[in-house]
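Q: Residues in the sequence shown are numbered consecutively from 1, following UniProt numbering.
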Amino acid sequence: MLLAFDTSSAAVTVALATPTGEIVASSTTVDALRHGELLAPAIAAALESAGITPRDLTGIAVGVGPGPFTGLRVGLVTARTMGEVLGIEVSGVCSLDILARQSSLSLPVAVATDARRKEIYWALYDGPAADGSRRRLEGPAVDKPAEVAHVLSGLPVIGRGAVLYADVLGVADADVAEYPSAEVLATGVATRTLEVVAPEPLYLRRPDVTMSAGPKSVL
1 MLLAFDTSSA
11 AVTVALATPT
21 GEIVASSTTV
31 DALRHGELLA
41 PAIAAALESA
51 GITPRDLTGI
61 AVGVGPGPFT
71 GLRVGLVTAR
81 TMGEVLGIEV
91 SGVCSLDILA
101 RQSSLSLPVA
111 VATDARRKEI
121 YWALYDGPAA
131 DGSRRRLEGP
141 AVDKPAEVAH
151 VLSGLPVIGR
161 GAVLYADVLG
171 VADADVAEYP
181 SAEVLATGVA
191 TRTLEVVAPE
201 PLYLRRPDVT
211 MSAGPKSVL
């Protein structure tokens, strides 16, 4: 059984799939501040729903971002720890690739997610192949929406960024998938229609942490 989850966005999404990609359990909770609290119970609930234990898992798939430092770290650390303890393979997938795979459109698409700081993570994708896979043409990158609006112009835009910056990006219909789906991640990895990478975080920019310069002089 394949366990899949993604914490690169405000959503904590978890799914279990058979080796052929059939989904047997899944859940998604949107709460940008509670990734650490929500992920482990969601995994436990999925395993219980499927009637299996962690030892029955044959692999783990995890979204590697790009995404905010804290949420992304929760998912990657959990995946790598479980993989090491259970002795099973951990497959990483770019979270923007997951969103692109969620689109049912037979056209090239753009993905734009919330990068905070009034910026978006974005990438461009070709139309779907016969198996539903999409080739990434450009990105991932992080920019202010106005700076890349001309790049995304004319394409359907998927992701939270399309909702937050619909006017700037020229998105006519904001009724789109906002967050990566663990169901799509699980099916995509099981059927090899999503590109697998190392389970390393894709941040695109440095976290909001600075090294201390030492104590200040009181003189």
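We put the CB at the ideal spot given by N, CA and C, even for glycine.
Compare the Cα-Cα distances from Y40 to each of T193, A4, V64, G154 and report the closest residue.
A: Translated into positions along the sequence shown, residue 40 becomes position 40. The question names Tyr, yet the displayed sequence has Ala at residue 40. That would be A4, whose Cα lies nearest to the Cα of A40.
Q: Along the chain, which unbroken stretches of the beta strand (DSSP E) at least 3 residues long are found entirely within the UniProt domain "Gcp-like" (33-150)?
A: Counting whole runs of 3 or more residues, the UniProt domain "Gcp-like" (33-150) contains the beta strand (DSSP E) stretches 59-63, 89-93, 109-116, 119-125, 136-143.
Q: Is DSSP giving D6 helix, strand or coil here?
A: Position 6 of the sequence shown, counted from the start, is the residue given in the question as residue 6. D6 falls in the strand class under three-state DSSP.
Q: When you compare the stretch 55-64 with the stretch 80-98, are there three or more beta-carbon pairs, one atom per stretch, that lie closer than 8 Å?
A: At 8 Å Cβ cutoff, the stretches touch.
Q: Between which two residues does the alpha helix (DSSP H) harbouring V168 extend?
A: The residue you call residue 168 lines up with position 168 of the sequence shown. It spans 166-169 - the alpha helix (DSSP H) in which V168 sits, taken as one unbroken run.
Q: Helix, strand or coil for A198? Go by DSSP, reduced to three states.
A: Position 198 of the sequence shown, counted from the start, is the residue given in the question as residue 198. In this structure, A198 counts as coil in the three-state DSSP scheme.
Q: Do A50 and V30 have their C-beta atoms within less than 9 Å of each other?
A: On the sequence shown, position 50 is the one that residue 50 refers to. On the sequence shown, position 30 is the one that residue 30 refers to. Their beta carbons are not under 9 Å apart, which means A50 does not touch V30 by this criterion.
Q: If you draw a straight line from the C-alpha of T78 to the C-alpha of L72, how long is it?
A: Counting from 1 along the sequence shown, the entry for residue 78 is found at position 78. Counting from 1 along the sequence shown, the entry for residue 72 is found at position 72. Straight-line Cα distance between these residues: approximately 10 Å.
Q: Going by Cα to Cα distance, which pick from I158, Y121, A130 is closest to V148?
A: Numbered from its first residue, the sequence shown carries residue 148 at position 148. Of the listed residues, the one whose Cα sits closest to V148 is Y121.
Q: Helix, strand or coil: how does DSSP classify L219 here?
A: Numbered from its first residue, the sequence shown carries residue 219 at position 219. Annotation note: pLDDT 48 at L219 (below 50); position unreliable, coordinate value reported separately. The answer is coil: DSSP assigns L219 none of H, G, I, E or B.
Q: Measure the alpha-carbon distance for G36 versus V74 and round it to whole angstroms.
A: Start at 1 with the first residue of the sequence shown, and residue 36 comes out as number 36. Start at 1 with the first residue of the sequence shown, and residue 74 comes out as number 74. Each residue's Cα considered, the two are about 6 Å apart.
Q: To which residues does DSSP link V14 through a beta bridge?
A: Along the sequence shown, read from residue 1 onward, the residue named residue 14 stands at position 14. DSSP, once it has assigned bridges, lists F5, S27 as partnering V14.
Q: Is the beta carbon of A32 closer than 9 Å to that of V24?
A: Taking the sequence shown and counting its residues from 1, the one referred to as residue 24 is at position 24. Taking the sequence shown and counting its residues from 1, the one referred to as residue 32 is at position 32. Contact flag unset, no.
Q: Can you give me the start and stop residues for the alpha helix (DSSP H) that G188 sits inside?
A: Here residue 188 corresponds to residue number 188 of the sequence shown, with the count starting at 1. Start and end: 182-190.
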